[in-house]
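Participant: First to last, the protein sequences are chains B and U.
Residues 0 to 217, numbered by numbering that gives the first Met the number 0, are exactly what the first sequence covers, in order.
Residues 0 to 422, numbered by numbering that gives the first Met the number 0, are exactly what the second sequence covers, in order.
The beta carbon of each residue, even a glycine, is placed where N, CA and C say it ideally should be.
My structure is below; once you've seen it, I'll send some questions.
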Amino acid sequence: MLKSAKRFALTAALALAAGPALGGALGLGSEARPEEVTAWDIDVRPDGQGLPEGGGTVEQGEMLFQERCTACHGEFGEGAGRWPVLAGGYDTLDSDNPVKTIGSYWPHLSTVYDYIRRAMPFGDAQSLTADETYALTAYLLYLNEIVAEDFELTKENFTSIELSNESGFIPDDRPDTPGLSEREPCMTDCKPEVVIRMRARVLDVTPDTEDTSAVTSD
Amino acid sequence: MSTSRKPQGGTTRRGFLSAAGGAALAAGAIRPAVSAGPENLPPNVPGWSRYLGSGVDAYPYGQPSSFESHVVRRNVAWLTASVESSVNFTPLHELDGIITPNGLCFERHHAGIAEVDPSDYRLMINGLVDKPMIFTLDDIKRFPRTNKIFFLECAANSGMEWRGAQLNGCQFTHGMVHCVMYTGVPLKLILEEAGLKTNAKWLMVEGADAAGMNRSVPLDKALDDCMVAFKMNGEALRPEQGYPLRLVVPGWEGNMWIKWLRRIEVGDQPWHTREETSKYTDLLENGKSRRFTWAMDCKSVITSPSPQAPLLHKGHNILSGIAWSGRGTVDRVDVTLDGGRNWRPARIDGPSFDKAVHRFYFEFDWQGESLLLQSRAIDSTGYVQPTKDELRAVRGTNSIYHNNGIQTWHVRGNGEVENVEVS
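So this is what it looks like as structure tokens:
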């Protein structure tokens with residue numbers, strides 16, 4: 000008992016101290032078979048890595064969209080009720096009411112394919128074929144006025160499509176407010192007067208917290 | 000097993016709140032100490048001192064006292080279109096210390112809670128590795144373990160407050176943060192088991208839920224302090240926190256901490272997934288957006304008094320709150336009672352861990368005057384928590400994410416507290 004505990008501690012110490020040693024340090028787990036990797040490896044990258052063979056047209060996409068997507072996203076991707084808007088919103092990003100869509104905001108088309116393939120339709124994920132996902136992606140490009148109605152999106156022409164906001168992103172440049180080295184925080188007589196400018200109660204959007212739901216049992 | 004032991008009457012803080020809400024209290028009238036009825040008070044002998052209570056095993060998995068049944072996570076229904084892609088909030092105003100109880104850790108799901116059978120659980124590592132690997136949960140539990148306490152904050156915590164005071168309670172303004180002890184395996188050890196190719200620079204981490212939640216993580220961070228965790232606060236992860244295995248990305252925004260972790264792909268460039276382009280990018284006033292804004296900036300909030308935790312007594316009172324930083328420890332918290340005219344150092348109490356919640360206290364005397372409470376945290380890198388106006392001056396009001404501005408609570412003469420903004 001004691002011996003094995005000691006041996007474990009030794010292995011642990013060795014493993015934690017080891018640099019970027021390559022492969023099989025502890026002999027745990029098993030090698031993934033190629034078909035297992037193919038089945039799970041569904042991600043798509045901006046350079047096209049991960050795109051499956053195939054293609055689909057705007058027209059095919061429109062039919063699929065009516066069938067499987069409009070209930071939530073609306074006939075033209077305008078969003079039914081509070082469900083997400085998928086089209087439009089151009090020239091709104093610097094306004095008071097920015098509308099972020101595939102057309103107005105998303106930097107890469109690969110994200111559309113990757114996301115639909117893994118997560119949509121909501122509640123029935125990973126049920127679309129590769130061709131269906133191409134067709135839906137093509138239709139969303141059409142709804143965003145990026146391609147014409149006779150367009151066919153394929154693995155081959157996929158990376159030639161550019162979205163308008165690709166250059167709209169900048170690296171994280173925080174901290175963007177003064178730190179200790181720039182300004183010692185004021186402790187006394189920091190401002191002449193203090194006025195309340197806004198109250199949450201005016202809006203009255205806070206949920207009622209007076210109900211006493213029973214203790215959850217999870 | 001029963002979870003519905005009935006409270007035996009008495010006035011609670013909720014009673015106070017509803018009374019205050021109904022404007023039943025005259026200004027300055029503070030409620031007397033909570034009383035459970037004279038039959039339980041001296042000189043009488045209460046029932047619990049005379050008769051036997053429940054035996055062992057009445058509650059095989061212990062539950063909080065029925066008097067605490069109001070201490071629950073709550074959501075804001077109007078925020079989202081469906082409860083499966085939604086969020087609820089930790090009741091910060093009822094908690095103390097630095098550890099969040101498992102059942103009160105806020106939830107954020109993109110496609111509901113995946114119920115994963117641990118015997119069918121698999122973690123796949125593929126991409127730029129010597130050998131693509133599959134690990135069972137048992138495999139993971141045979142790696143050397145580590146225990147670490149970290150906060151997890153959603154990047155959208157306080158996101159509803161960019162345009163001004165909106166939600167009246169720190170549960171709703173700040174409740175997308177929790178802090179627990181994780182038990183798991185350094186991610187580095189798992190990656191080394193597959194063997195990293197020399198051109199490996201990024202990971203794509205992916206969940207097993209119906210959102211297939213995925214994000215890119217730079218390899219440096221993964222090798223530095225990330226871990227895969229199977230326990231929180233000593234017990235198995237809760238399903239809503241990613242049972243049986245989640246990623247831990249210390250100090251970085253919550254949605255990167257992939258729950259129900261199913262796959263890690265190693266690559267040489269980022270993926271630009273939906274959750275790091277359409278969402279979790281920070282739109283600035285000029286229409287440009289910051290991307291890969293991973294670190295959670297230093298932040299603090301006074302949890303009591305706060306709108307859901309009004310002042311009940313004149314005289315000596317305790318102000319309490321939490322502070323945290325994604326870049327290190329919290330070194331100092333200052334508080335003000337007069338809206339930022341004068342500040343005093345608060346007392347940080349309890350352990351101070353890197354990238355964990357810190358607890359602070361400030362004792363003060365209150366005679367019914369109006370107060371404007373704020374806290375300002377400073378972390379070990381010298382980062383000073385900014386005012387909301389300072390943030391707006393740099394970023395505008397459309398960022399949604401990363402609002403760590405100083406919060407103001409207005410305490411009225413009758414003890415009620417409201418979320419306000421001051422000049």
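(1) Please confirm whether U:Val70 and B:Asp175 have their CB atoms less than 8 Å apart.
(2) With the cut-off set at 8 Å, would you say U:Thr280 and U:Arg290 are in Cβ contact?
(3) Would U:Cys169 and U:Leu78 be called neighbours here (beta carbons separated by less than 8 Å)?
(4) Quick one: grab the DSSP three-state call for U:Ile124.
(5) To the nearest angstrom, report how far apart U:Leu188 and U:Ile263 are at their CA atoms.
(6) To the nearest angstrom, how far is the alpha carbon of U:Glu275 from that of B:Glu161?
(7) Quick one: list the residues of chain U neighbouring B:Gly178, beta-carbon separation under 8 Å, in chain order.
(8) Output needed for U:Lys258: all residues of its chain with C-beta closer than 6 Å, excluding positions within five of it in sequence on either side, in chain order.
(9) Please work out which residues of its chain come closer than 8 Å, Cβ to Cβ, to B:Leu21, disregarding the five sequence neighbours upstream and downstream, and give them in chain order.
(10) Starting from the beta carbon of B:Gly28, find every residue of chain U whose beta carbon is closer than 7 Å, and list them in chain order.
(11) Kindly indicate which residue of B:Thr37, B:Phe75 and B:Gly28 has the alpha-carbon position closest to the one of B:Asn143.
(12) Where does B:Val194 land, buried or exposed, given buried means 16+ other C-beta within 10 angstroms?
(13) For the region 341-373 of chain U, list every residue whose C-beta sits within 7 Å of some C-beta in chain B, in sequence order.
(14) Please list, in chain order, the chain B residues whose beta carbon lies closer than 7 Å to that of U:Glu417.
(15) Pick out the complete beta strand (DSSP E) segments inside the region 220-301 of chain U, 3 residues or longer, and give them in chain order.
(16) Which residues in chain U have a C-beta closer than 7 Å to the C-beta of B:Pro106? List them in chain order.
(17) For the beta strand (DSSP E) that U:Lys187 lies in, which residues bound it at each end?
(18) When DSSP labels each residue in this structure, what does U:His173 get in the three-state scheme?
(19) Kindly indicate if chain B contains any beta-carbon less than 8 Å away from that of U:His173.
(20) Quick one, which of U:His357, U:Ala155, U:Met203 and U:Leu186 has its alpha-carbon nearest U:Gly174's?
(21) Using the Cβ count rule (16 or more neighbours within 10 Å means buried), how would you classify U:Trp342?
(22) Among all the DSSP beta bridges, which residues are the ones paired with U:Cys178?
(23) Could you name each continuous alpha helix (DSSP H) segment of 4 residues or more that falls completely within the region 73-155 of chain B, going from the start of the chain to the end?
(24) Within 10 Å of its beta-carbon, does B:Gly39 have 16 or more other beta-carbons around it, so buried, or fewer, so exposed?
(25) Give a yes or no on whether 8 Å exceeds the smallest Cβ distance from B:Lys99 to chain U.
(26) What does the alpha-carbon distance come out to for the pair U:Asp219 and U:Leu202?
(27) For B:Met186, count the other beta carbons within 10 Å of its own beta carbon; 16 or more makes it buried, fewer makes it exposed. Which is it?
(28) Could you check whether the Cβ of U:Ile257 sits closer than 8 Å to any Cβ belonging to chain B?
(29) Can you pull out the residues from the region 237-256 of chain U whose beta carbon lies closer than 8 Å to at least one beta carbon of chain B?
(30) Mind pulling the chain B residues with CB within less than 9 Å of U:Phe150?
(31) Starting from the C-beta of B:Val204, find all residues in its chain whose C-beta is less than 8 Å away, skip the five residues before and the five after it, and write them out in chain order.
(32) Measure how close the beta-carbons of U:Gly426 and U:Ser374 come, nearest whole angstrom, since I'm counting them as under 8 Å.
(33) Considering only the alpha carbon of each residue, which of U:Asn146, U:Asn254 and U:Phe171 lies closest to U:Ala228?
(34) Tell me the DSSP bridge mates of U:Ala322?
(35) Within the 8 Å Cβ cut-off, does B:Val57 reach chain U?
(36) Quick one: what does DSSP say B:Ile195 is sitting in, helix, strand or coil?
Facilitator: Taking the structure as given:
(1) Annotated as distal: U:Val70 and B:Asp175, with beta-carbon spacing of 8 Å or more.
(2) Result yes, Cβ atoms of U:Thr280 and U:Arg290 sit closer than 8 Å.
(3) The beta carbons of U:Cys169 and U:Leu78 sit no closer together than 8 Å.
(4) Strand at U:Ile124.
(5) Their backbone Cα atoms lie some 13 Å apart in a straight line.
(6) Rounded to the nearest angstrom, the two C-alpha atoms are 18 Å apart.
(7) Going along chain U in sequence order, the residues near B:Gly178 (Cβ under 8 Å) are Thr380, Gly381, Tyr382 and Val383.
(8) Excluding residues up to 5 positions away in sequence, Gly206, Gly241 and Arg245 lie with their Cβ nearer than 6 Å to the Cβ of U:Lys258 in the same chain.
(9) Any reading at B:Leu21 must be qualified, since the residue scores a pLDDT of 44, below 50, and its modelled position is unreliable; the value itself is stated next. Answer for B:Leu21: no residue qualifies.
(10) Those are Met132, Ile133, Phe134, Asp138 and Glu192, listed as they occur along chain U.
(11) When only C-alpha atoms are compared, the closest one is B:Phe75.
(12) Its Cβ having fewer than 16 others within 10 Å, B:Val194 is exposed.
(13) Going along the region 341-373 of chain U in chain order, one finds Asn341, Trp342 and Leu371 with a Cβ nearer than 7 Å to chain B.
(14) Near U:Glu417 (Cβ distances below 7 Å), the residues of chain B are Arg198, Ala199 and Arg200.
(15) Counting whole runs of 3 or more residues, the region 220-301 of chain U contains the beta strand (DSSP E) stretches 226-231, 245-247, 260-266 and 288-290.
(16) Residues of chain U passing the Cβ test: His271 and Thr276.
(17) Membership of U:Lys187 in any beta strand (DSSP E) is not indicated; the residue belongs instead to the alpha helix (DSSP H) covering Leu186 to Ala193.
(18) Helix, per DSSP.
(19) With its beta carbon at least 8 Å from every one in chain B, U:His173 lies outside the interface.
(20) For U:Gly174, the nearest C-alpha among the options comes from U:Ala155.
(21) Buried is the call here.
(22) U:Cys178 pairs with U:Phe150.
(23) Listed in chain order, they are 108-118 and 129-142.
(24) In the sequence as displayed, the identity of residue 39 of chain B is Trp instead of Gly. Buried, because 16 or more other Cβ atoms sit within 10 Å of the Cβ of B:Trp39.
(25) Yes, B:Lys99 lies at the interface with chain U (some Cβ there is under 8 Å from its Cβ).
(26) Going from the Cα of U:Asp219 to the Cα of U:Leu202 covers about 10 Å.
(27) Per the 10 Å Cβ criterion, exposed.
(28) So, not an interface residue.
(29) So the list reads Arg237, Pro238 and Glu239, given in the order they occur along the chain.
(30) Correct list: empty, because the minimum Cβ distance to chain B is about 18 Å.
(31) None.
(32) Residue 426 of chain U lies beyond the residue range present for chain U, which begins at 0 and ends at 422; the question has no answer from this structure.
(33) Ranking U:Asn146, U:Asn254 and U:Phe171 by Cα distance to U:Ala228 puts U:Asn146 first.
(34) The partner list for U:Ala322 (beta bridge, DSSP) reads U:Ser299 and U:His357.
(35) The beta carbon of B:Val57 does not come within 8 Å of any beta carbon belonging to chain U, so the residue lies off that interface.
(36) Shown here, B:Ile195 sits in a strand according to DSSP, grouped into three states.
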